[in-house]
Structures are given as structure tokens and as C-alpha cells.
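S.K.: Quick one: this structure, given as C-alpha cells, is what I'll be asking you about.
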Amino acid sequence: MISRRTFALAAVASVLLGGTFVGAKAGLSYLPPLLFVALRFDIAAVVLLGYVVVTRSRDDLLPRTRGDVLGILSTGLFALGLTNALIFVGQQSATSAVAAIVFSLNPILTPVFAALLLSDERLSARGGLGMVIGLLGVGLVVSPDPAMLLSGGIGKLILFGGATSAALGSVLIRWSDGGLSSTVRTAWALPVAAAFCHALSVGMGESAATAVWSPTAVAALLYVGIFAGAIAYIAYFGLLDVTGAIQANLIFYVVPVVSTLGGWALLGEAITPTAVAGFLTIFTGFVVLGSESVDIHALLSGTTDEADTVSDSLGITDEPCGFESD
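Under our numbering, the first residue of the sequence shown carries the number 43, and numbering increases by one thereafter.
This is the structure we're talking about:
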């Protein structure tokens, strides 16, 4: 059963992360890809670390167990660092359409890792059908040309690596079973991701001197750092803790829809009738997949009693001290 507030987490994560592809497309014309990712995490780390220092107690901030450390490393190295490094590099030699459809394999890959590492997450036959329908919808949205899919092989392989890293990272976070809140865990993970991507940038010979700091580059960096970074990560990793890796990663079926709409609104890209059919197909997939666990009446009336909420994820509580009590 899903509450309205958990639905809001998914909506925020989908919309903001969907804008990442638009921001990346705009910024990659001015910034080296790995440096772009590293600077994105620098900004997100400053914002989110500052936020948790103000809103959390000392006891809530400190990692104390092996699970806490493993959760931070899984988030920083896999779910964030390697995933985004591969996405931004892959987009240099593949179109946005190819990038969207390849990365949308993430929800298909997640159950594979979950079956290996998690005992409490399995995909039912109905769930599998819903995921396949959703993937077909993604294909309609991005309308990939067969010739385009057959070209740019290295870019597709790199993007597939990003989807694999994201799926593995989300499952490893659940497997680590740490006690930190998702927001605090992410705040610790962002500096890890930033350091990892800076090291990759230096290792690949990128130079900050090649960056062109145009207004477009600055705007793209601020968007992917703050909105598609710190804020989106609070929503996504909060959703991951509530629903599990398999269901949380279904938002990556929505990401191409948001990217298509963003490209139309901001970059003048056309939306075809096939893309509209894709939107409806994705919605059908969600209906099939969610029919086992979503109480529509409760969702609309707000009567569900799910404990973890948007307010919890953002650290907004009724306690006088203003600290989250995880």
C-alpha cells in the first residue's frame, strides 16, 4: 500500500532526476563530463551537509556500525559516483533518445541483483509484466531510430554500465542494512562521490582550463547540483528506504517522459504522437505493476498509515528541537 506522501517522494525524484538529462545535454557543450559530474557532487555535498548539520543532532549524524559505512560507500561509489560518471561520459557518443532507453533498463536489472542479495524483495509475474509494458512505453517515448540504436556502440555500452551501477548500488544500500537516515547517509555519500569523480577526471586527463563558464553552463551546473542533486537525492533515497530497490527504481521509467517534456519546453525538441502513446503505455505498466500494492482509495483520501513520509525525509518533524528521530 502506498501513501500520498510516498507518491510525492516518487514524483519529486522523477521530475528532478528527469531534468538531469536536459541539464547534462546543455552543460556538456561547455564542461568536460567527469569534471561536470564532480562539480555537481561538490555543490550537492555542500548543500546537503549544511542542511543535515543544521537539522540533525550529533548522534543522528555519526555513522556507528559496519552497515552505516557500507551504506555510505554503496551510495557514494555505485548509486551516485560511478552511475553518473558513466551517464555523462556515455551521452557524449550517444543521443539523448538512446541514453534514455538504455538507462531505463535499470528497473529490469534491479530484480536480478535483488534476487542475489536480498531475501525480502522478489518480483511477481504481474510485476514482471508491468515492467515490460513500462519498458515498451519508454521505447515509444524516445522513438529510437533502428539505425541510431545500431550506431554509437561504445556510448550504449557505457550507458548500460551506468544503469547496471545504479541498480547494483540501490540493492547494496538495502543489503547494508545501516541505521542512518537516508538523508544523512546521502550527505556523507556525496563527498565520497565527488572525490571519486574528481579522481576519475584527473586520471582521464581532463583539464579545468577547457571549461567555458557561460550562463548556460552555470545554470546547468546549479540545476544538476542543487535540484537534480541534493533535493532529488533526498527524495529518491528516502523512497528507496520506504519501498525497496525494485519499486523505487521504477521512477526511471518516468525519467524519459520528464526528459522529453523538458527538451520540448526548454530546448525546442518536438514531441511526436508516438511519444504521447508511450506516455499512456508507461501509465498502463504502472497500473499493472501497482495493482498488487496500491490502494487507490487510500491514496486519494490520504488514509494510509505508512510511517516514512516526505516530511520525515526532509527532516521536518513536530519535535521542539527540530531534529529528526530516526
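Backbone N, C-alpha and C define an ideal beta-carbon position, used for all residues, glycine too.
#1: Quick check on Arg47: does DSSP put it in helix, strand or coil?
#2: Where does Leu322 land, buried or exposed, given buried means 16+ other C-beta within 10 angstroms?
#3: Cα separation between Asp102 and Trp217?
#4: State the start and end residues of the unbroken alpha helix (DSSP H) segment that holds Ile85.
#5: Pro153 by DSSP, collapsed to three states: which one?
#6: What is the C-beta distance between Val213 and Leu160, in whole angstroms, given that I count them as a contact (C-beta under 8 Å)?
#7: Mapping DSSP to helix, strand and coil, what is Pro369?
#8: What is the C-beta distance between Gly179 and Gly327, in whole angstroms, given that I count them as a contact (C-beta under 8 Å)?
#9: Taking the straight line between their C-alpha atoms, what separation do you get for Ser56 and Gly304?
#10: Within 10 angstroms of its Cβ, does Arg108 collect 16 or more other Cβ (buried), or is it exposed?
#11: Using CA coordinates, which residue listed in Val131, Val234, Leu264 and Thr225 is at the minimum distance from Leu199?
#12: Relative to the alpha-carbon of Pro74, which residue among Ile293, Glu248 and Pro315 has its alpha-carbon at the smallest distance?
#13: Rounded to a whole number of angstroms, what is the C-alpha to C-alpha distance between Ala66 and Pro257?
#14: Taking only three categories from DSSP, how would you classify Ser382?
M.R.: Per the coordinate set shown:
#1: Note: Arg47 maps to helix in three-state DSSP.
#2: Exposed, because fewer than 16 other Cβ atoms sit within 10 Å of the Cβ of Leu322.
#3: The alpha-carbon atoms of Asp102 and Trp217 are separated by roughly 21 Å.
#4: Start and end: Pro75 to Thr97.
#5: In the structure shown, Pro153 sits in a helix (DSSP, three-state: H, G or I).
#6: Yes, they are in contact, since the Cβ atoms of Val213 and Leu160 sit about 6 Å apart, within 8 Å.
#7: As shown, the chain starts at 43 and ends at 368. That puts residue 369 outside it, with no answer to give.
#8: Yes, they are in contact, since the Cβ atoms of Gly179 and Gly327 sit about 6 Å apart, within 8 Å.
#9: Going by the C-alpha atoms only, they are around 12 Å apart.
#10: By the neighbour-count definition (other C-beta atoms within 10 Å, threshold 16), Arg108 is an exposed residue.
#11: It is Val131 whose Cα lies nearest to the Cα of Leu199.
#12: Per the Cα distances, Glu248.
#13: Looking at the two C-alpha atoms, the distance is approximately 14 Å.
#14: Limits of the chain in this structure are 43 at one end and 368 at the other, which puts residue 382 out of reach.
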